[in-house]
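Protein chains in written order, with my numbering: chain A, 9 to 171; chain B, 288 to 383. Idealized CB from N, CA, C, for every residue including glycine. To keep things clear, I will list the structure first and then write my remarks on it.
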Amino acid sequence: MRCGCGEQTTVIRGDYLFVESGLSNVTLHGVELLKCDECGSLTPVLSEINKLMQVIAEALVLKPSQLTGKEVRYLRKYIGFTGEQFGKKLGLTKEHVSRMENEKYPVGTQTDRLIRYVAISASSNLESQMERLFDRLEAIKDEKLQARIEINPATGSVEYAAA
Amino acid sequence: MNGDRHFNKQFLCACLDQDHYRFQPSTWKQLLELQISLNDTLHVLRHGSIDEEPEFDATLGHWRFTAHGKSVDEKELTITFAFVETEGVLILTIAE
Chain A
9 MRCGCGEQTT VIRGDYLFVE SGLSNVTLHG VELLKCDECG SLTPVLSEIN KLMQVIAEAL
69 VLKPSQLTGK EVRYLRKYIG FTGEQFGKKL GLTKEHVSRM ENEKYPVGTQ TDRLIRYVAI
129 SASSNLESQM ERLFDRLEAI KDEKLQARIE INPATGSVEY AAA
Chain B
288 MNGDRHFNKQ FLCACLDQDH YRFQPSTWKQ LLELQISLND TLHVLRHGSI DEEPEFDATL
348 GHWRFTAHGK SVDEKELTIT FAFVETEGVL ILTIAE
């Protein structure tokens, strides 16, 4: 298969920082990658993309530390809400949601928990996580930790690591 | 289906729901350059409209369809796709 630059690629297996998800802290382990022989760029070969996006959404609602702005945006888009619709559910203006997603405003502790519940309630794919979230609520750290989320797409396993 | 120039929206959604789709390698780069998320792409395909007149791609030997619509954040987006019968998947590209 050819790279976007038009040159041949070689198939390798490795880890991939999945920034195309809209998140800068999600690493996929052991995925097939196309490595361009010319420009050296890596392109993931991903199947079952829906499943992967669901695993990421589940990893976020169960994340053991506070959500970042980008993670809030991922969850909002995953459930298909505009900034305005999401803001109405959270009792915030769309401007507030936008600033929070762009990390100009912090995600408050209560807002963080509410976002997780709104995401779970709005998506049938996530509703099975309701009980697990309830059990983990008290353990969520309020610190703004930039946790790495490590996913093995083949098994769907998720691990959180300090950045 | 790749010999067919008519594409059923229901079939498109079924392909998406059943994870029968993948991106052209260059599309991953496009997502980053155009700041479009995967969620936006799928939203347009599910809720947008499909052009009635597809283009035949002689090199690949299949019909290329175009979907127009708005992303979750209501940004206009155009996505082209083709159904590869031998693999049973949709191949997606973002049209610039």
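- Listed by position along chain A, the residues whose Cβ is nearer than 8 Å to that of Glu372 (chain B) form an empty set, because the closest Cβ is around 17 Å away.
- DSSP places Thr314 (chain B) inside the alpha helix (DSSP H), whose first and last residues are 312–320.
- Between Val69 (chain A) and Arg124 (chain A) a beta carbon distance of about 5 Å is seen, short of the 8 Å cut, so the two are scored as contacting.
- Minimum Cα-Cα distance from Gly48 (chain A) among the listed residues A:Phe142, A:Glu15, A:Thr90, A:Ala169 corresponds to A:Glu15.
- In the DSSP annotation of this structure, the continuous segment of the alpha helix (DSSP H) that includes Ser129 (chain A) starts and ends at 117–130.
- For Gly95 (chain A), the enclosing alpha helix (DSSP H) starts and ends at 91–98.
- Contact annotation, Val105 (chain A) with Gly91 (chain A): C-beta distance approximately 4 Å; criterion of less than 8 Å satisfied.
- Under the 10 Å beta carbon count, Lys71 (chain A) is surrounded by 16 or more other beta carbons and is classified as buried.
- Gln154 (chain A) is classed as exposed because its beta carbon has fewer than 16 other beta carbons within 10 Å across all chains shown.
- In this structure, His37 (chain A) and Asn133 (chain A) do not form a Cβ contact; the two beta carbons are roughly 22 Å apart against a cut-off of 8 Å.
- With a threshold of 8 Å between beta carbons, His349 (chain B) makes no contact with chain A.
- Scanning its chain for C-beta atoms nearer than 6 Å, with the 5 sequence neighbours on each side dropped, one finds around Leu364 (chain B) the residues Val331, Ser358, in chain order.
- In this structure, A:Thr17 is the residue among A:Glu79, A:Leu25, A:Leu122, A:Thr17 with its C-alpha nearest to the C-alpha of Asp45 (chain A).
- Proximity of chain A to His330 (chain B) at the Cβ level (cut-off 7 Å) is accounted for by Gly88, in chain order.
- Between the alpha carbons of Ser55 (chain A) and Thr35 (chain A) lies a gap of roughly 16 Å.
- For Gly77 (chain A), the uninterrupted alpha helix (DSSP H) run begins and ends at 77–86, by DSSP.
- Taking the beta carbon of Leu42 (chain A) as reference, the chain B residues within 8 Å of it are Pro312, listed in sequence order.
- The secondary-structure analysis by DSSP pairs Arg309 (chain B) across a beta bridge with B:Ile378.
- Here the alpha carbon of Ala130 (chain A) sits roughly 10 Å from the alpha carbon of Phe94 (chain A).
- Nearest C-alpha to Gln118 (chain A) among A:Lys149, A:Arg156, A:Asp23, A:Arg107: A:Lys149.
- Between Cys11 (chain A) and chain B, the shortest Cβ-Cβ separation is below 8 Å.
- Pairwise C-beta distances place the segment 71–87 of chain A in contact with the segment 108–116 of chain A, as three or more of them are shorter than 8 Å.
- With contacts defined as CB atoms closer than 8 Å, Tyr308 (chain B) and Ile20 (chain A) fail to qualify as a contacting pair.
- Within the same chain, Cβ atoms closer than 8 Å to the Cβ of Asp344 (chain B) are found at Trp350, Arg351, Ala369, the five residues on either side in sequence being excluded.
- By the neighbour-count definition (other C-beta atoms within 10 Å, threshold 16), Met9 (chain A) is an exposed residue.
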